[in-house]
Amino acid sequence: EMELKSAFRMLFFPIQMFYHIVRASLLSLLPSSKKDLSKEVVLITGGGRGIGRHLAMEFAKQGAKKVILWGRTEKCLKETAEEISLSGSECCYFVCDVANRDEVYKQAKVVREKVGDVTILVNNAAVVHGKSFMDSDDDALLKTQHINTLGQFWTTKAFLPRMLELQHGHVVCINSILSQSPIPGAIDYCTSKASSLAFMESLTLGLLDCPGVGCTTVLPFHTNTEMFRGMRVRFPQLFPPLKPEVVAQKTVDAVRTDKVFLYLPWTMHALVILKSFMPQVALEEIHRFSGSYTCMNTFKGRT
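Here the sequence shown is numbered in the numbering used here, starting from 1 and rising by one per residue.
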């Protein structure tokens, strides 16, 4: 009897997969209903500037109950919080370096006591140095991994347990297409983002049987922010840099529609598909054609 059941499941599995693919394709063509944010408490790491700042403004604009900003630079956090508060939304900030595990747990406790339970965690904080591997300082390499990858471990461990208790919550990761299509000159950043993607994929699967708690991973192309100042794309007309406000708007919409993975722009799907079957020599020619070997030569980053 067990063998018959196993055989039936094996036969039925391809049909089941085909059904899910067709269903997902049809649903993608239909407008999705968006969940209400009026009871959500949103915490955004790296929320003082760049994409984080625009995410904070967008969550507030789309009706979030409270927005909390975390970051290392108080001046930026204060300016963003004041701007959001002036628009009529409740916003506060806490200085916190997500690379520091003890500081994350300490500030998470302060947040719970002063603001309440965080129901949407947005892991956005990141750094990039833009130097070749051999030219990179060892401490800088470690810093990238501590902030871009391990920082998500600490924040998620700090806030996810309560979401599971409430059976209500969402973990968001602002990743990068470089996690799946790395470029030279940013080896520490690409490595950290690949690790971050694996973390989110594993976490998403681990939460399948946890009702009310979901994940969203955002994988944008080069975004026009201060962090990537000076990065050059060979064909900007074909591959224009994304505007941070567009990334923010698409991200909040993805959270509201429970979208698990969001590629920006949508053409990045083709890049990932091509990489899955093309020979290495062809991929190398694509990199040469697109200029990814030289795109970081003029990189300046943040001052």
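Even glycine gets a Cβ: it sits at the ideal position worked out from N, Cα and C.
| Check | Outcome |
| --- | --- |
| The beta strand (DSSP E) spanning H269 covers which residue range? | No beta strand (DSSP E) contains H269, which is instead part of the alpha helix (DSSP H) from 268-277. |
| Where does C76 sit, in a helix, a strand or coil, going by DSSP? | helix |
| Bridge partners for I174 per DSSP, in chain order? | V218 |
| Judging by CA-CA distance, which residue of E284, D253, P265 is the nearest neighbour of K35? | D253 |
| Is any heavy atom in the ligand SAM found nearer than 7 Å to the beta carbon of L283? | Here there are no bound small molecules, and the ligand SAM is not part of this structure. |
| Opposite F94 in the DSSP bridges: which residues? | W70 |
| For V42, which residues does DSSP report across the bridge? | V67, I120 |
| Give me the Cα-Cα distance between G151 and L43, rounded to the nearest whole angstrom. | 14 Å |
| Quick check: what's the CA-CA separation for T168 versus L242? | Per the sequence presented here, residue 168 reads as His, with Thr not at that position. Distance between the alpha carbons of H168 and L242: 31 Å. |
| Over the uninterrupted beta strand (DSSP E) stretch that includes F261, give me the two end residues. | 261-264 |
| Could you please give me the residues that DSSP links to G169 through a beta bridge? | V213 |
| Just to confirm the assignment, what range does the alpha helix (DSSP H) spanning D102 have? | 101-114 |
| Should L221 be labelled buried (16 or more other beta-carbon atoms within 10 Å of its own) or exposed? | A quick correction: the sequence has Phe, not Leu, at residue 221. Its Cβ being crowded by 16 or more others within 10 Å, F221 is buried. |
| Would you check if there are 3 or more beta carbon pairs closer than 8 Å linking the stretch 75-89 to the stretch 125-134? | no |
| DSSP beta-bridge partners for T223? | L242 |
| Among the candidates L271, F59, I51, whose CA atom is the shortest distance from the CA of L178? | L271 |
| For the candidate residues R49, Q107, T155, whose alpha-carbon lies nearest to that of L121? | T155 |
| Can you grab the Cα-Cα spacing for the pair S181 / F277, in whole Å? | 13 Å |
| Can you list, in chain order, the residues of its chain whose CB lies under 7 Å from that of M268, leaving out five sequence neighbours each side? | I177, L219, F221 |
| Our contact map puts V41 next to K65 with C-beta atoms below 8 Å; I'd like the distance itself, whole angstroms only. | 6 Å |
| Should F199 go down as buried or exposed, given a rule of 16 or more other Cβ atoms within 10 Å for buried? | buried |
| Pull up the CB-CB distance for V98 and A125, whole angstroms please, since I reckon it's below 8 Å. | 5 Å |
| Please list the terminal residues of the continuous alpha helix (DSSP H) segment that includes D137. | D137 -> no alpha helix (DSSP H), and no H or E assigned at all. |
| Verify whether the separation of the beta carbon atoms of T216 and V260 is less than 8 Å. | yes |
| What is the rounded straight-line gap between the Cα of G214 and the Cα of R162? | 13 Å |
| Can you tell me where the alpha helix (DSSP H) holding K35 begins and where it ends? | Careful: K35 lies outside any alpha helix (DSSP H) and carries neither H nor E. |
| My assumption, with CB atoms under 8 Å, is that I174 sits in contact with I51. Please give the rounded CB distance. | 6 Å |
| Check this for me: beta carbons of K114 and N148, under 8 Å apart or not? | no |
| The alpha helix (DSSP H) with L150 in it runs from where to where? | It is not in any alpha helix (DSSP H) - L150 carries neither H nor E in the DSSP assignment. |
| I'd like to know whether the C-beta atoms of A158 and V104 end up nearer to each other than 8 Å. | yes |
| Kindly give me the distance between the Cβ atoms of G63 and L37, rounded to whole angstroms, as I take these residues to be in contact under 8 Å. | 5 Å |
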